[in-house]
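The working numbering numbers the first residue of the sequence shown as 27 and each following residue consecutively.
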Amino acid sequence: MTSEGDPKAEKLANVRVAAGRIIPVRNRERRAFSTAKYGYLAVWVEDSNGKNERCILLTPFELSRAEERARKNPEDCPKKGIITDLID
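What follows is the structure, encoded as C-alpha cells:
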C-alpha cells in the first residue's frame, strides 16, 4: 500500500465507486507507532440477489491470497456472461 500523503494514492482514492471495483483508501484513524496499515483496498460487494450491499477492506496480502485461491480453483469461479462483460 502506498504511504500517507502520496499524490498517486490520493488520485486513485478519487476513483468512482462501483460494485466490485477495488479502490485504495487511506486509513484515516491510524495512530503514530501503530501496527495498523497505512491503507486498505476497499471493495463494495452485494449478495447474489442484489441486496445486503456492504464495503469490505482488504490488505494487499489478503487480496493476493484470494486471487491465488481462485487461480488454484478455477472450477469454483462463476463465469461472467457476455452482456455482463460488455457493460463492465
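Note that beta-carbon positions come from the ideal geometry of N, C-alpha and C, so glycine has one too. Since the model is a prediction, treat every value here as computed from it, not as a measurement.
| Asked | Found |
| --- | --- |
| Tell me the residue span of the alpha helix (DSSP H) that contains Pro86. | 86-98 |
| May I have the straight-line CA-CA distance separating Val51 from Ala92, to the nearest angstrom? | 19 Å |
| Between the Cα of Gly65 and the Cα atoms of Ile49, Ile108, Thr110, Lys98, which residue gives the shortest distance? | Ile49 |
| Going by Cα to Cα distance, which pick from Lys77, Asn53, Cys81 is closest to Val43? | Cys81 |
| Roughly how many angstroms lie between the CA atoms of Pro100 and Ser90, to the nearest whole one? | 15 Å |
| Whole angstroms are fine: how far does the CA of Arg54 sit from the CA of Gly46? | 22 Å |
| Are Lys63 and Thr85 closer than 8 Å when you measure CB to CB? | yes |
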